[in-house]
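Accompanying notes for the structure given below.
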Amino acid sequence: MTARQRVLDCAIRMLTRLKLLHLAAVGIVLGAGCVRPAAFPADVPVSPGADIHLPFEGRTIEGVFPRRSTLAQVLDAHELDGPAARDVIAAAGTVFDPRRFRAGNEYKVEVARDGSLRRLEYHVDEDRFLEVRFASAGGEYRAALVPYEKQQVESVARGFINREQSSLIAALNGSGESVMLAIKMAEVLAGEIDFNTEVQRGDRFDVLFEEQYREGEFSAYGDVVAVQFVNEGRHVRAFRFAVPGEPEVQYFDDQGRSLKRQFLRSPFNFEPRVTSRFSHRRLHPILGIHRPHLGVDYGAPTGTPVIAVATGTVVSAGRSGQSGNMVRMRHTNGYETYYLHLSKFAGGIRKGAGVRQGQVIGYVGSTGLSTGPHLDYRMRKNGAFVNPLLEHRRLPPGEPVPAQHLEAFQQVRDQALVRLGLASSPAGGSGVLAQ
Numbered sequence: 007m008t009a010r011q012r013v014l015d016c017a018i019r020m021l022t023r024l025k026l027l028h029l030a031a032v033g034i035v036l037g038a039g040c041v042r043p044a045a046f047p048a049d050v051p052v053s054p055g056a057d058i059h060l061p062f063e064g065r066t067i068e069g070v071f072p073r074r075s076t077l078a079q080v081l082d083a084h085e086l087d088g089p090a091a092r093d094v095i096a097a098a099g100t101v102f103d104p105r106r107f108r109a110g111n112e113y114k115v116e117v118a119r120d121g122s123l124r125r126l127e128y129h130v131d132e133d134r135f136l137e138v139r140f141a142s143a144g145g146e147y148r149a150a151l152v153p154y155e156k157q158q159v160e161s162v163a164r165g166f167i168n169r170e171q172s173s174l175i176a177a178l179n180g181s182g183e184s185v186m187l188a189i190k191m192a193e194v195l196a197g198e199i200d201f202n203t204e205v206q207r208g209d210r211f212d213v214l215f216e217e218q219y220r221e222g223e224f225s226a227y228g229d230v231v232a233v234q235f236v237n238e239g240r241h242v243r244a245f246r247f248a249v250p251g252e253p254e255v256q257y258f259d260d261q262g263r264s265l266k267r268q269f270l271r272s273p274f275n276f277e278p279r280v281t282s283r284f285s286h287r288r289l290h291p292i293l294g295i296h297r298p299h300l301g302v303d304y305g306a307p308t309g310t311p312v313i314a315v316a317t318g319t320v321v322s323a324g325r326s327g328q329s330g331n332m333v334r335m336r337h338t339n340g341y342e343t344y345y346l347h348l349s350k351f352a353g354g355i356r357k358g359a360g361v362r363q364g365q366v367i368g369y370v371g372s373t374g375l376s377t378g379p380h381l382d383y384r385m386r387k388n389g390a391f392v393n394p395l396l397e398h399r400r401l402p403p404g405e406p407v408p409a410q411h412l413e414a415f416q417q418v419r420d421q422a423l424v425r426l427g428l429a430s431s432p433a434g435g436s437g438v439l440a441q
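If you use this note's numbering, the sequence shown corresponds to residues 7 to 441, in order.
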């Protein structure tokens with residue numbers, strides 16, 4: 007199974023468990039080590055999987071480092087013990103702290119045909135691996151932290167939303183890419199398109215993106231470089247551009263206007279379904295009476311991360327009667343946001359804490375007066391509750407490309423359009439183009 011297939015398989019299985027495959031908005035972090043399992047003795051607390059290959063000169067054992075195990079236990083599980091194993095462990099300890107072996111990280115052991123341990127490789131992080139190799143010249147094991155050979159290339163993906171591929175995830179999957187690219191695309195366009203409610207059959211997209219390869223094998227997606235999404239006839243475009251002096255790259259439309267708004271469209275990295283909308287007269291599902299529902303309910307499994315829709319300060323974080331566990335935040339321009347029925351709060355979320363846009367502040371739950379796991383998200387402007395779904399559209403975009411850098415941006419934009427194959431497409435004044 008290739009690295010790209012492992013990423014896709016792991017992502018789909020995780021999203022299936024969360025019941026989020028029909029969604030498309032932003033940011034899920036996937037754990038390492040989605041590899042197929044194999045059998046180890048039940049009494050050995052080591053990796054449940056090891057793919058064993060038998061090349062002519064010996065055998066190669068591959069697996070993932072198990073929980074609460076040491077290197078000695080891993081080697082012993084493969085019947086690699088004795089003086090050679092001890093020498094390997096000692097050599098590894100000269101360059102790598104043995105306490106830093108992490109569950110889920112991949113390892114590889116090469117064993118010669120005579121049964122001698124020739125080489126150990128352990129994935130440390132995205133940049134390095136630990137290598138312990140038998141040096142025949144010195145008759146000893148030598149260890150080193152070796153940088154991965156890396157390469158980054160650009161690729162283009164195109165797709166359509168139709169009956170068979172009714173979401174961004176499905177359309178990208180159909181073009182051979184994974185959910186992780188869908189997440190990155192939706193994150194870039196989150197200020198312009200609600201991928202939960204606005205994607206329609208007939209929509210199409212073109213995306214120019216980076217792919218990262220490690221040791222010649224796909225390892226991860228890099229940035230989205232440029233993207234066009236045609237949504238019900240609207241041509242929405244985004245271009246990556248690093249404004250000199252700014253700490254992060256940003257995304258702008260054709261005319262250099264920022265796609266980032268003061269508020270995100272929703273308090274989720276990957277947007278679940280809306281189960282109840284803002285209303286001044288809603289039939290309460292528990293009380294059976296009509297009363298205002300001054301927020302938007304999102305259905306999501308317990309434990310789903312909830313993020314701050316804008317940078318701000320925590321006004322309160324605690325139990326609040328029928329609202330259950332609630333976080334209240336204050337933002338600029340007279341705005342406040344509320345996050346109700348949380349199962350628990352994220353670390354560091356307390357009164358007075360500063361929070362940045364997109365930071366996890368808590369997790370979906372069903373505390374307080376609630377029929378099941380969901381988030382009740384509310385927004386208040388100048389003391390009055392407003393509909394978050396409508397208010398977001400009224401908010402101005404972020405700062406445009408500074409005038410002194412506009413020519414440089416236009417060059418980046420035009421080059422990206424050529425690489426995307428859209429150089430002859432129409433350009434409009436607002437980034438929302440007419441066909």
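For every residue, glycine included, the Cβ atom is placed at its ideal position computed from N, Cα and C.
With DSSP collapsed to three states, give me the class of residue i.
i    : result
R210 : strand
S376 : coil
V418 : helix
Q365 : coil
L300 : coil
Q218 : strand
P402 : coil
E413 : helix
A352 : coil
Y223 : Here residue 223 turns out to be Glu, not Tyr, going by the sequence shown. Note: E223 maps to strand in three-state DSSP.
A390 : strand
In whole angstroms, what separates the C-alpha of residue i from that of residue j?
i    : j    : result
R73  : V80  : 11 Å
R334 : G354 : 14 Å
H84  : E127 : 15 Å
S443 : L401 : Limits of the chain in this structure are 7 at one end and 441 at the other, which puts residue 443 out of reach.
F224 : G404 : 34 Å
D133 : P153 : 6 Å
S349 : V130 : 34 Å
L423 : R169 : 29 Å
Y227 : Q328 : 43 Å
V366 : G262 : 30 Å
A143 : R124 : 13 Å
E217 : D229 : 8 Å
L428 : D259 : 14 Å
E68  : N179 : 28 Å
A177 : Q206 : 12 Å
T100 : A232 : 45 Å
T22  : L214 : Any reading at T22 must be qualified, since the residue scores a pLDDT of 42, below 50, and its modelled position is unreliable; the value itself is stated next. Approximately 27 Å, taken between the alpha carbons.
M332 : E137 : 48 Å
A414 : R246 : 12 Å
Since residue i sits in a beta bridge, which residues does DSSP pair it with?
i    : result
L423 : BP columns for L423 are empty, so no partner.
S282 : D303
N382 : In the sequence as presented, Asn is not what sits at residue 382; that position holds Asp. Its beta-bridge partners are D303, L346.
E446 : Residue numbering for the chain in the displayed model covers 7 to 441; residue 446 lies beyond these limits and cannot be assessed.
N275 : N275 is not bridged to any residue.
G371 : H380
R243 : Q234
S264 : F258
G360 : T319
Let me check understanding here. Comparing Cα to Cα, which of the options lies closest to residue i?
i    : options                : result
R240 : V159, E204, A188       : E204
Q416 : V249, Y383, R362       : V249
Y383 : L395, L375, G389, T377 : L395
L381 : F274, P104, G180       : F274
F269 : Y304, V315, T310, G251 : V315
L375 : R356, H347, M385       : H347
E146 : G389, A91, A429        : A91
V159 : V138, G222, D120       : G222
R139 : R419, K266, A98        : A98
R210 : D87, R325, I175        : I175
R164 : S184, H337, E155, A150 : S184
I313 : S282, T281, Q363, R267 : Q363
S272 : S264, E252, Y304       : Y304
V320 : G368, T310, G309, L300 : G368
D212 : P298, F247, V242       : V242
F235 : V255, G330, E193       : E193
S264 : A149, P379, P408       : P408
V115 : T343, T66, P311        : T66
Comparing the C-beta of residue i with each C-beta of chain B, is any distance below 8 Å?
i    : result
A323 : The structure shown contains no chain B, having only a single protein chain.
Is residue i a contact residue of the ligand SAH, with contact defined as CB to any heavy atom under 7 Å?
i    : result
G305 : Of ligands this structure carries none, so the ligand SAH is not represented either.
Practice problem: Any chance you could list the beta strand (DSSP E) runs of at least 3 consecutive residues sitting entirely within the region 122 to 209, in chain order? | Solution: For the region 122 to 209, whole beta strand (DSSP E) runs of length 3 or above, ordered along the chain, are 123 to 129, 134 to 141, 146 to 153, 156 to 166.
Quiz item: Can you list the alpha helix (DSSP H) stretches of 4 or more residues lying completely in the region 80 to 105, in chain order?
Solution: Counting only runs of 4 or more, we get 89 to 99.
Practice problem: Please list the segments of the beta strand (DSSP E) lying wholly inside the region 303 to 345, counting only runs of 3 or more residues, in order along the chain. | Solution: The qualifying runs are 311 to 313, 318 to 325, 331 to 336.
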